[in-house]
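Peer 1: Questions regarding the structure given below will be posed in turn.
There are 2 protein chains.
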Amino acid sequence: MALPDPGEQARRFIKVREAHRSEVQQDYVELIADLVAEQGEARVTDLAERFGVTTATVANTLARLKRDGLVEDRPYRSLSLTAAGVAMADASRRRHDIVIGFLLRLGVSPAVAELDAEGLEHHLSAETLRAMEAFRG
Amino acid sequence: MALPDPGEQARRFIKVREAHRSEVQQDYVELIADLVAEQGEARVTDLAERFGVTTATVANTLARLKRDGLVEDRPYRSLSLTAAGVAMADASRRRHDIVIGFLLRLGVSPAVAELDAEGLEHHLSAETLRAMEAFRG
DNA sequence: AAGCAAAGTTAGCCTTGGCTAAATCCTGTC
DNA sequence: GACAGGATTTAGCCAAGGCTAACTTTGCTT
């Protein structure tokens with residue numbers, strides 16, 4: 001078990017740190033899209049309840065999403081996504097579904113599949129996602 | 001595709017945030033253990049190079065690891081782990097190897113397996129790890 | 001044994017993403 | 001049409017984990 005080349009190893013960790021930076025954004029746009037689809041609107045209170053944080057934290061995070069052009073800036077209005085936000089939400093949802101389906105076929109229980117998918121889905125390369133899609137029990 | 005129960009969904013996101021908090025610590029103890037095993041010692045410069053950060057960042061992070069009783073506090077000396085640090089490193093390495101082996105059997109290329117494993121390994125429940133161990137091409 | 005280069009540490013800054021408390025806005029009810 | 005209460009935002013705090021720049025320690029070389 002030789003150690004990897006230092007530069008190669010660094011590239012891996014840098015990749016993980018990059019993934020972390022967009023994780024929260026992806027989770028937010030995905031949940032906003034889901035709420036709009038299911039309930040017609042997404043409110044700050046809903047996000048706070050479902051993420052398990054305070055509404056102040058949601059407001060803080062939304063400010064970054066607005067700054068980055070993912071969420072419409074309409075204070076005191078129901079949340080909605082920009083075109084870029086919708087695109088990110090679609091990609092996130094698709095990936096989320098692939099991971100869930102894969103874990104279920106692997107024999108993981110539904111509850112645990114949903115639990116693990118939430119953390120897993122942000123750290124999968126295109127190649128691994130394809131392998132998961134191709135996998136049939 | 002109904003939305004999950006709000007409390008259930010919150011528990012998932014809280015779990016991911018908890019995992020994030022120990023990720024860096026696990027990566028550090030694992031790399032320190034590997035370096036000691038392969039090279040006889042682990043130096044701050046090695047960690048910085050392999051994580052892709054500055055030595056100042058490593059020193060900063062090591063201060064937290066020392067505070068938390070995972071790394072021996074011996075300034076200007078080669079790094080070594082406490083008993084707790086060794087235990088965490090062993091668990092991390094075992095999990096890392098399970099994930100790598102699983103991805104390879106799934107058909108993912110070695111380079112991508114190493115890349116994805118680095119992000120993946122911190123978000124797997126015991127059940128999913130068992131399923132990955134049991135999986136044979 | 002001195003000096004210098006490399007290694008390590010410290011100081012001070014930034015962003016992210018949590019929090020509480022307080023202020024502000026909106027809305028339904030009377 | 002006022003107002004109470006719920007929803008939202010703002011202000012100010014904190015820790016983690018990045019950075020640069022400056023300083024200290026170590027250890028090699030001569």
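Going down the list, the sequences are from chains Y and E. Residue numbering for the first sequence follows the UniProt record's numbering, beginning at 1 and increasing consecutively. Residue numbering for the second sequence follows the UniProt record's numbering, beginning at 1 and increasing consecutively. Beta carbons are placed, not taken as given, at the ideal position from N, Cα and C, and that holds for glycine. Quick caveat, the model's predicted, so the values are computed rather than measured.
Got a sec? Which residues, its chain only, sit under 7 Å from VAL24 of chain E by beta carbon, not counting five neighbours each side?
Peer 2: THR61.
Peer 1: What's the C-alpha gap between LEU129 of chain E and ILE98 of chain E?
Peer 2: If I take the Cα positions, the gap works out to 7 Å.
Peer 1: Any chance you could list the alpha helix (DSSP H) runs of at least 4 consecutive residues sitting entirely within the region 65-122 of chain Y, in chain order?
Peer 2: Runs found: 83-106 and 110-120.
Peer 1: Counting contacts by CB-CB distance shorter than 8 Å, is GLY107 of chain E in contact with chain Y?
Peer 2: True, the Cβ-Cβ gap to chain Y drops below 8 Å.
Peer 1: Counting only C-beta atoms, is PRO75 of chain E closer than 8 Å to chain Y at any point?
Peer 2: No - not a single Cβ of chain Y is within 8 Å of the one on PRO75 of chain E.
Peer 1: Pick helix, strand or coil for ALA2 of chain E, following the three-state DSSP scheme.
Peer 2: Coil, per DSSP.
Peer 1: For GLY40 of chain Y and GLU121 of chain Y, I'd like the C-alpha separation in whole angstroms.
Peer 2: So the two alpha carbons sit approximately 26 Å from each other.
Peer 1: Can you tell which of Y:ARG43, Y:SER80 and Y:ILE14 has its C-alpha closest to the C-alpha of GLY52 of chain E?
Peer 2: For the residues Y:ARG43, Y:SER80 and Y:ILE14, the minimum Cα distance to GLY52 of chain E belongs to Y:ILE14.
Peer 1: For the alpha helix (DSSP H) that contains GLU133 of chain Y, what are its first and last residues?
Peer 2: 126-134 is the span of the alpha helix (DSSP H), which, as asked, contains GLU133 of chain Y.
Peer 1: Looking at C-alpha atoms only, which residue of Y:GLY107, Y:ILE100, Y:ARG50 and Y:SER125 is the closest neighbour of GLU8 of chain E?
Peer 2: The shortest Cα separation from GLU8 of chain E among Y:GLY107, Y:ILE100, Y:ARG50 and Y:SER125 belongs to Y:ARG50.
Peer 1: Measure from the alpha carbon of ALA134 of chain E to the alpha carbon of each residue in E:PHE102, E:VAL108, E:ALA113 and E:ARG12, then state which is nearest.
Peer 2: Nearest of E:PHE102, E:VAL108, E:ALA113 and E:ARG12 to ALA134 of chain E, Cα basis: E:PHE102.
Peer 1: From ALA83 of chain Y to ASP34 of chain Y, what does the alpha carbon distance come to, in whole angstroms?
Peer 2: Looking at the two C-alpha atoms, the distance is approximately 15 Å.
Peer 1: Give a yes or no on whether the minimum CB-CB distance between ASP90 of chain Y and chain E is below 8 Å.
Peer 2: No, because no Cβ of chain E sits closer than 8 Å to the Cβ of ASP90 of chain Y.
Peer 1: Tell me whether the beta-carbon of ARG105 of chain Y lies closer than 8 Å to the beta-carbon of ARG67 of chain Y.
Peer 2: In this structure, ARG67 of chain Y does not lie closer than 8 Å to ARG105 of chain Y by Cβ.
Peer 1: Are the CB atoms of GLN26 of chain Y and SER80 of chain Y within a distance shorter than 8 Å?
Peer 2: Their beta carbons are not under 8 Å apart, which means SER80 of chain Y does not touch GLN26 of chain Y by this criterion.
Peer 1: Does ALA112 of chain Y have its Cβ less than 8 Å from a Cβ in chain E?
Peer 2: Looking at the sequence provided, one finds Val at residue 112 of chain Y rather than Ala. Interface residue, yes.
Peer 1: Output yes if chain E places a C-beta closer than 8 Å to the C-beta of GLY14 of chain Y; else output no.
Peer 2: Note on residue identity: the sequence assigns Ile, not Gly, to residue 14 of chain Y. So yes, ILE14 of chain Y belongs to the interface.
Peer 1: Cβ of SER125 of chain E less than 8 Å from any chain Y Cβ?
Peer 2: So yes, SER125 of chain E belongs to the interface.
Peer 1: Which residues in the same chain as HIS123 of chain E place their Cβ atom closer than 6 Å to its Cβ, once the five residues preceding and following it in sequence are excluded?
Peer 2: The residues are ALA19.
Peer 1: Could you compute how far the alpha carbon of GLU118 of chain E sits from the alpha carbon of ARG21 of chain Y?
Peer 2: Cα to Cα, GLU118 of chain E sits roughly 16 Å from ARG21 of chain Y.
Peer 1: What residues from chain Y crowd round ARG50 of chain E, counting only those whose CB sits closer than 7 Å?
Peer 2: Per Cβ cutoff of 7 Å: PRO6, GLN9 and ALA10.
Peer 1: Out of Y:VAL112, Y:THR45 and Y:ALA87, which has the shortest C-alpha to C-alpha gap to GLU77 of chain Y?
Peer 2: Reading off the sequence, residue 77 of chain Y comes out as Arg, not Glu. Considering only alpha carbons, the answer is Y:THR45.
Peer 1: Leaving out the 5 sequence neighbours to the left and right, which residues in its chain are closer than 7 Å to LEU70 of chain Y when beta-carbon positions are compared?
Peer 2: Counting only Cβ-Cβ distances below 7 Å, and skipping sequence neighbours, we find GLN25, VAL29, LEU81, THR82, ALA84, GLY85 and MET88.
Peer 1: Report buried or exposed for ASP116 of chain E, applying the criterion of at least 16 other Cβ atoms within 10 angstroms of its Cβ.
Peer 2: Buried is the call here.
Peer 1: Verify whether the separation of the beta carbon atoms of VAL112 of chain Y and SER125 of chain E is less than 8 Å.
Peer 2: Against a cut-off of 8 Å, the Cβ pair of SER125 of chain E and VAL112 of chain Y comes out as a contact.
Peer 1: Strictly below 7 Å CB to CB, what residues from chain E border GLU118 of chain Y?
Peer 2: Those are ARG12, PHE13 and VAL16, listed as they occur along chain E.
Peer 1: List, in chain order, every chain Y residue whose beta-carbon is nearer than 7 Å to that of ALA131 of chain E.
Peer 2: Result: LEU106, GLY107 and VAL108.
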